[in-house]
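Trainee:
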Amino acid sequence: MTVATGVGSYPGEDFDETLRLVLGELPDLPHLPELPARGPAATMTGRGLAVVAELGADLQPAGWRLTGSGPGLDHRRARSLLAQDLDALEERAEGLTGAFKIQVAGPWTLAATVERPRGDKVLGDRGARRELAQALAEGLRTHVADVRRRLPGVDRLVVQVDEPALAAVLDGRVPTASGFHQHRSVAHPEASAALEWVLEAAAEEGAEPWVHTCAPGTPLGLLRGAGARGLSVDLAVLSAADHDTLGEALERGETVALGVVPATDPAQDPTDAEVTESVLRWLDMLGLDPHEVGERLVLTPACGLAGATPGWVRRALPLLRAAAGHL
442 MTVATGVGSY
452 PGEDFDETLR
462 LVLGELPDLP
472 HLPELPARGP
482 AATMTGRGLA
492 VVAELGADLQ
502 PAGWRLTGSG
512 PGLDHRRARS
522 LLAQDLDALE
532 ERAEGLTGAF
542 KIQVAGPWTL
552 AATVERPRGD
562 KVLGDRGARR
572 ELAQALAEGL
582 RTHVADVRRR
592 LPGVDRLVVQ
602 VDEPALAAVL
612 DGRVPTASGF
622 HQHRSVAHPE
632 ASAALEWVLE
642 AAAEEGAEPW
652 VHTCAPGTPL
662 GLLRGAGARG
672 LSVDLAVLSA
682 ADHDTLGEAL
692 ERGETVALGV
702 VPATDPAQDP
712 TDAEVTESVL
722 RWLDMLGLDP
732 HEVGERLVLT
742 PACGLAGATP
752 GWVRRALPLL
762 RAAAGHL
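Per this note's numbering, residue 442 is the first one in the sequence shown, and the count goes up by one each step.
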């Protein structure tokens, strides 16, 4: 059957309460919440660096920067915060069976948001971005194994690699530190190779690798070619080519997580019937039967919910679950 899940982020700073909400409202595919309001250690980049193996980082006024040596205080804090969240998950989700999802920033989003030791983005140095991607892949292996140990009853572990910056990386739209120029675009083969290292690391640990992006213009075929077995996208920004790629993915037994409710408070709440109808129209356009796609189709918010109010979050998750049930 079609199920519902979250993209990853939520508002507020109360992890335990958010985890309780996720486990209660998204029982078929719960996930590890991210609460960026807790500070830099809890943002997508901080969370990603907490997973990275071997490389050290610290926090500068301009943001996260690799140190060229050991982890700085804030990097250690990011790792400690992730460990605390996993401890809370292990306690609250004791006995959990079925499926579970974790998220991690992808190699190109990290390269576009983390600086080299001497400044400017990792993206500007081919060797540095290769090293960062490989360190992420190695750290992800350990992270997946740790989650599996903590959730022994879970037989389907999804690893969602978040790549909101990938389209800008490929198009040469990531600004340099000065802000007057942009970093050169990265060729598709190199972008695919770095993603492949990370997705393959997840798959080799027995997890199901997905890639999430809510940025328009991301080449979904590149993600599939790199090894993504699930694509998480925002329905509202899809192009004609995207529709074709997603339809092919569903036909080949891969997962599509479709963002169908707003990521921030709407002027008027949609009903579960309206959400269901929008998905049915999309499937009809692709020539697919909702009964045939089954659990390969997942409903999500359009993007992370960190910018939403807690009230909308409490309405959006049941709305997704109800629409998934109708399908």
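Just so you know, even glycine gets a beta-carbon here, dropped at the ideal spot from N, CA and C.
L598 to M485, Cα distance in whole Å?
Mentor: Working through the sequence shown from its first residue, we reach residue 598 at position 157. Working through the sequence shown from its first residue, we reach residue 485 at position 44. If you take the alpha carbons of L598 and M485, they lie about 20 Å apart.
Trainee: Could you check if E645 is buried or exposed, using at least 16 other CB atoms within 10 Å of its CB as the buried criterion?
Mentor: For this step, residue 645 is matched to residue 204 along the sequence shown. Its Cβ having fewer than 16 others within 10 Å, E645 is exposed.
Trainee: Give me, in chain order, the residues of the same chain whose beta-carbon lies closer than 7 Å to that of L690; leave out the 5 immediate sequence neighbours on both sides.
Mentor: On the sequence shown, position 249 is the one that residue 690 refers to. Going by the sequence as given, residue 690 is Ala instead of Leu. Excluding positions up to five away in sequence, the list reads R665, L672, V697.
Trainee: Is it true that the CB of H584 sits closer than 8 Å to the CB of V492?
Mentor: On the sequence shown, residue 492 is found 51 positions in, with the first residue counted as 1. On the sequence shown, residue 584 is found 143 positions in, with the first residue counted as 1. Taking 8 Å as the Cβ cut-off, V492 and H584 qualify as a contacting pair.
Trainee: Does the Cβ of S619 have 16 or more other Cβ atoms within 10 Å, making it buried, or fewer, making it exposed?
Mentor: On the sequence shown, residue 619 is found 178 positions in, with the first residue counted as 1. Flag for S619 reads exposed.
Trainee: Since I believe T459 is in contact with G453 (beta carbons under 8 Å), could you give me their beta-carbon distance rounded to a whole number of angstroms?
Mentor: If you number the sequence shown from 1, residue 453 lands on position 12. If you number the sequence shown from 1, residue 459 lands on position 18. Confirmed, Cβ separation roughly 7 Å.
Trainee: Is it buried or exposed for H732, if we count other Cβ within 10 angstroms and need 16 for buried?
Mentor: Walking along the sequence shown from the start, residue 732 turns up at place 291. Result: exposed.
Trainee: With a threshold of 8 Å between beta carbons, is A634 in contact with chain C?
Mentor: This model lacks chain C altogether; it includes just one protein chain.
Trainee: Output the distance between the C-alpha atoms of A667 and E637, rounded to the nearest integer angstrom.
Mentor: As a working note, residue 667 is residue 226 in the sequence shown. As a working note, residue 637 is residue 196 in the sequence shown. Each residue's Cα considered, the two are about 5 Å apart.
Trainee: What are the start and end residues of the alpha helix (DSSP H) that includes P630?
Mentor: As a working note, residue 630 is residue 189 in the sequence shown. First-last of the alpha helix (DSSP H) with P630: 629 to 645.
Trainee: Between the alpha carbons of V461 and L473, how many angstroms are there, rounded?
Mentor: Here residue 461 refers to the residue found at position 20 when the sequence shown is read from its first residue. Here residue 473 refers to the residue found at position 32 when the sequence shown is read from its first residue. The residue asked about is misnamed: residue 461 is Arg in this sequence, not Val. Cα to Cα, the separation comes out at about 11 Å.
Trainee: Quick check: L470 and A534, are their CB atoms within less than 8 Å of each other?
Mentor: Numbered from 1 along the sequence shown, position 29 holds the residue referred to as residue 470. Numbered from 1 along the sequence shown, position 93 holds the residue referred to as residue 534. It is not a contact, given that the beta carbons lie outside the stated cut-off.
Trainee: Rounded to whole angstroms, what's the CA-CA distance from L686 to R517? Just pull it up for me.
Mentor: Residue numbering aside, residue 686 sits at position 245 when the sequence shown is read from its first letter. Residue numbering aside, residue 517 sits at position 76 when the sequence shown is read from its first letter. Looking at the sequence itself, residue 686 is Thr, so the reference to Leu does not match. The alpha-carbon atoms of T686 and R517 are separated by roughly 40 Å.
Trainee: For a minimum of 3 consecutive residues, which ranges assigned as the beta strand (DSSP E) are wholly contained in the region 483 to 508?
Mentor: For the region 483 to 508, whole beta strand (DSSP E) runs of length 3 or above, ordered along the chain, are 498 to 501, 504 to 507.
Trainee: Quick one: grab the DSSP three-state call for F456.
Mentor: On the sequence shown, position 15 is the one that residue 456 refers to. Reduced to three states, the DSSP call for F456 is helix.
Trainee: Anyone know if the C-beta pair for T443 and L768 falls short of 8 Å?
Mentor: Taking the sequence shown and counting its residues from 1, the one referred to as residue 443 is at position 2. Taking the sequence shown and counting its residues from 1, the one referred to as residue 768 is at position 327. Yes; because the gap between Cβ atoms is below 8 Å, this pair is in contact.
Trainee: Given that a residue counts as buried once 16 or more other Cβ atoms are within 10 Å of its Cβ, and exposed if not, what is D526?
Mentor: Here the question's residue 526 lines up with position 85 in the sequence shown. So D526 counts as buried.
Trainee: Bridge partners for V674 per DSSP, in chain order?
Mentor: Position 233 of the sequence shown holds residue 674. L699.
Trainee: Using 8 Å for Cβ pairs, my map puts A546 next to A609. What's the rounded Cβ distance?
Mentor: Locating residue 546 in the sequence shown gives position 105, counting from the first residue. Locating residue 609 in the sequence shown gives position 168, counting from the first residue. Contact doesn't hold; Cβ gap of about 14 Å is too wide.
Trainee: Please state the DSSP three-state secondary structure of S510.
Mentor: The residue you call residue 510 lines up with position 69 of the sequence shown. S510 falls in the coil class under three-state DSSP.
Trainee: Distance, Cα to Cα, G480 vs G511?
Mentor: In the sequence shown, counting from the first residue as 1, residue 480 sits at position 39. In the sequence shown, counting from the first residue as 1, residue 511 sits at position 70. Answer to the nearest angstrom: the Cα atoms are 21 Å apart.
Trainee: Short of 6 Å in beta carbon distance, which residues of its chain neighbour L577, apart from the five on each side in sequence? Order them along the chain.
Mentor: Counting from 1 along the sequence shown, the entry for residue 577 is found at position 136. Cβ neighbours of L577 beyond the five flanking positions: V493, P548, V639.
Trainee: Quick one: what does DSSP say D730 is sitting in, helix, strand or coil?
Mentor: The residue labelled residue 730 in the question sits at position 289 within the sequence shown. Reduced to three states, the DSSP call for D730 is coil.
Trainee: Is the separation between the beta-carbon of P558 and that of L507 shorter than 8 Å?
Mentor: Within the sequence shown, numbered from 1, the residue matching residue 558 stands at position 117. Within the sequence shown, numbered from 1, the residue matching residue 507 stands at position 66. Yes. Within cutoff.
Trainee: Taking the straight line between their C-alpha atoms, what separation do you get for A669 and R582?
Mentor: By 1-based counting over the sequence shown, the position of residue 669 is 228. By 1-based counting over the sequence shown, the position of residue 582 is 141. Their Cα atoms are separated by approximately 16 Å.
Trainee: Mind checking whether the beta-carbon of W651 lies closer than 7 Å to any heavy atom of the ligand COA?
Mentor: The ligand COA is not among the ligands present in this structure, which contains no ligands whatsoever.
Trainee: Please say whether A606 and V615 have beta carbons closer to each other than 8 Å?
Mentor: Here residue 615 refers to the residue found at position 174 of the sequence shown. Here residue 606 refers to the residue found at position 165 of the sequence shown. Yes, Cβ-Cβ distance for V615 and A606 is below 8 Å.
Trainee: Give me, in chain order, the residues of the same chain whose beta-carbon lies closer than 6 Å to that of V734; leave out the 5 immediate sequence neighbours on both sides.
Mentor: Residue 734 sits at position 293 when you count from the first residue of the sequence shown. Correct list, in chain order: L691.
Trainee: DSSP three-state label for R559, please.
Mentor: Your numbering for residue 559 matches position 118 in the sequence shown. R559 falls in the coil class under three-state DSSP.
Trainee: Would you kindly report the start and end of the unbroken alpha helix (DSSP H) that includes E572?
Mentor: Here residue 572 corresponds to residue number 131 of the sequence shown, with the count starting at 1. Looking at the DSSP string, the run of the alpha helix (DSSP H) that includes E572 is 567 to 591.
Trainee: Who does L738 pair with in a DSSP beta bridge?
Mentor: Position 297 of the sequence shown holds residue 738. According to DSSP, L738 bridges with V697.
Trainee: Could you check which residue in A540, Q544, A482 has the C-alpha nearest to that of L514?
Mentor: Here residue 514 is taken as the residue at index 73 of the sequence shown, counted from 1. Minimum Cα distance to L514 is reached at A482.
Trainee: Can you tell me where the alpha helix (DSSP H) holding A608 begins and where it ends?
Mentor: On the sequence shown, position 167 is the one that residue 608 refers to. Start and end: 607 to 612.
Trainee: Near T705, which residues of its chain fall below 6 Å by C-beta distance, leaving aside the five closest residues on each side in sequence?
Mentor: Against the sequence shown, residue 705 aligns to sequence position 264. Only G748, A749 meet the Cβ criterion.
Trainee: When the Cα atoms are used, what is the spatial distance from D561 to T617?
Mentor: For the purposes of this step, residue 561 is identified with residue 120 of the sequence shown, where counting begins at 1. For the purposes of this step, residue 617 is identified with residue 176 of the sequence shown, where counting begins at 1. So the alpha carbons of these two residues sit roughly 6 Å apart.
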